[in-house]
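Following: one structure in C-alpha cells, then a few remarks.
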Amino acid sequence: MATWLITGCSAGLGRALALAVLDLGENVVVTARDAASVEVLAQARPGTALALPLDVTDHPQIRDVVGVARGRFGAIDVLVNNAGHSYRAAVEEAADDQVQELFATNFFGPAALIQAVLPGMREQRGGTIVNISSIGARSSPIGSGYYAASKAALEGMTESLRKEVAPLGITVMAVEPGAFRTSFLRSVTQPRETIGDYASTVGARREQDTTRDGHQPGDPARAAHAIITAVQDPRPPRLLILGPDALTQFRDAMEQLSADVDAWEQTSLATSFPSERSRRTWAGFDSDRLT
Amino acid sequence: MATWLITGCSTGLGRALASAALDGGENVVVTARDAASVEDLAGSHPDTALALSLDVTDHARGREVVRAARERFGTVDVLVNNAGHGYRAAVEEAAADQVQELFATNFFGPAALIREVLPEMRGRRSGAIVNISSGGTRSCPIGAGHYAATKAALEALSACLRKEVAPLGITVMAVEPGAFRTSYKRSLAQSRQAIGDYADTVGARRTADLTEHGLQPGDPDRAAQAIITAVRSPDTPLLLVLGPDALTWFRDSVKELSADVDAWEQTSLSTSFPG
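Line by line, the protein sequences give chains S and G.
Heads up: the first sequence begins at 469 in our numbering, then just goes up one per residue.
Heads up: the second sequence begins at 878 in our numbering, then just goes up one per residue.
Shown next, in the form of C-alpha cells:
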C-alpha cells in the first residue's frame, strides 16, 4: 500500500486524483491552501486520508507537511505536484510581482516539495514524483506566455531530475493535460492593465475563457485513472499526455518545430571550428558533458 | 542599418555577436555588468557602438538602458537576450536563493527587457527579439535541471510572444546553441552542498567540467553570423539550433518524447467525457 501526497486537492484534477487513490485503498495526504475544503475527504476515509493545509509558496509549511505525513504514514511513496494556476496576459502586459507569484506557485513550490520528499525516497531507494504540467507548455497559446513558461520550466527540471534519480530507484513523470472540466479557467489571474494592440489576440482569448468554462471535454475522474495507471506501471513514461486535444497539439507542435529546424539545418551545421568538422563523433557527443 | 541591443557582451557569444553586427555596419548597444569589459568594442566603432553597464536582474537599469539606446540611435530594432549562466547542482542540491538568482538572470531579466522594448516596436510595427536559450533544454543533462528550467521557460515565453506580436510586425526567435567555446564552463555557479548519493552522476559532471573548458567544438563567431542571417531573413524561424551536437539533441529529444507519447496513446485518448 502506497502513500501519496497531492497538492491542490480542493477541486479539479487534484480532488479527482485524491478520491481515486483513496478508493483504491491507498494512503493519501490531501492538501489544499484551505484545509477545510479537503476535510470532508479525510472524514470519509479516516484510516487512510490525512487532510493538511498547504500553500506551496510557503516552503517551511512544505517541510512541516512532509514531516507530519511521514509521521503518520511512515514514508511518502508518490508526490503529485498538482497545485497551480494560469495567468492570462500578453507577455508585455505582465507585472513583475504577478509573474513572481505565478512562478512561486507553479515552479518554485513544486521544486521545494521535490526537495522535501527526496531524502526519504533516496533512503528507501524508491518513489515516484509526478509533476502536472500542461499542453500549453508545448502549444504555446496566445496570452499564456508566463504560464507556459512556468510549466516548461517544471518539465525542463523534471527531465534532468529523472536522470539524476533513476539510479536511486526513483521515477519521475510529467503530465500534460489538455482542456479538462475543472475550475482552471475560473482561477486564471489577470494583469492589472491590458494593452489595446493585443485586443484581437489576447483579448479574444479572454472572451473564449468565459465561454469555454464548464464545457471542456476532459473528465478529471478519467484523467485521475490515467495518472494512476501510469504511476503503477513498471515503466512509467517520462511524459503522459491527457486528452485527444492535447495529443493533437503535442504532435502538431513537434511537427512545426521540427520543420523550422529542418529548414535551417545547413545554418545549424555551419557553426563549428573548422578543425572540429572532421570529427565524426557528433551523433555520439555526450550531451551530459557539454551543458 | 538596424540598431541592436545585446546583453552579456563581455565575452563569448554576446561579444562575438556585437563584433559581427558592428563590423556589418549596424548600430550596437553593447552591454555587460561591467561596462569597462566592453569599452574596447565602443572604442573601435565610436559612431555606431554605445557601451553601457547592464545587470539584467536590475529592471530599472534595463529601462534606463533602453531609453539611452533610443536617445542615441532613435530606436531599438533588435533585442538580443544573451546574458545568462549555468548552475551545477542536482535538483535536490539546489539552494532557493541561488535558484532565484538564476531565474532572475536567465528568465525574469530577459522578460523585463522584452517588455521595455516592445511599446516602441509596436509603435513602428517592426522589430525583432532574439532569446538565447540552450541545447540543454533538449538534452536535459544531469546536474543542470534548474538551468534547463530557466531556458525552457524562456523558449515557451518566446513561442507565445511570437504569436502575440507577429500581427504587429515583430518577430521572435529562440536560439539553442550546443557546446560553444565560451566562458560558460568557467562561469557556472555551484550548489553549496553536494549530496553523496549523486556522486556518480552530478559529482562526475563537476569533475568533467574542469577539463572541458576551451575544448568545445562550436565557434562563437560562426554562431554570431548564423544569428544575424536568421534575424535578417524574411522567414526568421521560431527556433534556431546551432551546432551539429545541438541538432542531434533536438532530434533525439523529439524522437524519444514522441515514442513515449505514442506508447501511451490509448491512455491519452481515454480521458474525455463520453459522447
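Cβ atoms here follow ideal geometry from the backbone N, Cα and C, with glycine treated the same way.
- The secondary-structure analysis by DSSP pairs Gly951/G with nothing; it has no beta-bridge partner.
- Using a CB distance cut-off of 9 Å, Gly1095/G counts as an interface residue toward chain S.
- Here the C-alpha atom of Asp523/S lies approximately 24 Å from the C-alpha atom of Val699/S.
- DSSP places Leu1119/G inside the beta strand (DSSP E), whose first and last residues are 1116-1119.
- With a cutoff of 9 Å on beta-carbon distance, Tyr1024/G and Glu632/S are scored as not near each other.
- Listed in chain order, the non-local C-beta contacts of Asp502/S below 8 Å within the same chain comprise Ser478, Pro521, local neighbours out to five positions each way being set aside.
- Using a Cβ-Cβ cut-off of 9 Å, Ile991/G counts as an interface residue toward chain S, since at least one Cβ of chain S sits closer than that to its own.
- Cβ atoms of Val546/S and Ala470/S come within 8 Å of each other, at about 6 Å.
- Apart from the 5 residues on each side of it in sequence, Asp1077/G has no Cβ closer than 8 Å to any other Cβ in its chain.
- With fewer than 16 other Cβ atoms inside 10 Å of its own Cβ, Glu1142/G counts as exposed.
- Residues of chain G whose Cβ lies closer than 7 Å to the Cβ of Ala551/S do not exist; the shortest such Cβ separation is about 18 Å.
- Going by DSSP, Ala928/G is part of the beta strand (DSSP E) stretching over 926-930.
- Only buried fits Thr908/G, as 16 or more other CB atoms lie within 10 angstroms of its CB.
- When Cβ-Cβ separations below 9 Å define contact, Gln977/G makes contact with chain S.
- With its beta carbon less than 9 Å from one in chain G, Phe648/S belongs to the interface.
- Distance check between Leu636/S and each of Ser602/S, Ile597/S, Leu490/S, Tyr666/S places Ile597/S closest, using alpha-carbon atoms only.
- One alpha carbon belongs to Thr925/G, the other to Asn983/G, and they sit about 27 Å apart.
- Assigned with DSSP and collapsed to three states, Gln977/G falls in helix.
- For a cut-off of 8 Å, the C-beta gap from Ala543/S to Gln592/S is around 6 Å, short enough to register as a contact.
- Distances from the CA of Glu978/G to each of Gly1080/G, Leu894/G, Ser1035/G, Asp932/G were compared; the closest alpha carbon is that of Asp932/G.
- For Pro528/S, the uninterrupted alpha helix (DSSP H) segment begins and ends at 527-541.
- Taking Ser651/S as the centre and dropping the five residues before and after it, the same chain places the C-beta of Ala479, Gly480 closer than 7 Å to its C-beta, in chain order.
- Chain order gives no chain S residues near Glu903/G, where near means a beta carbon separation below 7 Å; the closest approach is about 19 Å.
- Judged by their CB atoms, Val640/S and Ala558/S are not nearer to each other than the 9 Å cut-off.
- Contact between the stretch 953-969 of chain G and the stretch 574-590 of chain S is present, with at least three C-beta pairs closer than 8 Å.
- Among the residues facing chain G, Ala738/S is included, as its CB has a counterpart in that chain under 9 Å away.
- Glu561/S and Val567/S have their alpha carbons spaced roughly 11 Å apart.
- In the structure shown, the three-state DSSP call for Val1049/G is strand.
- At a cut-off of 9 Å between C-beta atoms, Tyr666/S counts as an interface residue with respect to chain G.
- Distance between Leu1117/G and Glu1053/G, taken at the CA atoms: about 6 Å.
- Leu890/G sits in a helix when the DSSP states are folded into three classes.
- Taking 9 Å as the CB threshold, Asp687/S lines the interface with chain G.
- The three-state secondary structure of Ile582/S, taken from DSSP, is helix.
- Under DSSP, Pro645/S takes part in a beta bridge, and its partners are Leu710/S.
- Burial state of Lys1132/G is exposed, judged by a 10 Å Cβ sphere holding fewer than 16 other Cβ atoms.
- Contact residues of the stretch 952-970 of chain G toward chain S are Gly963, Ala967, Val968, Glu969 (C-beta to C-beta distance below 8 Å).
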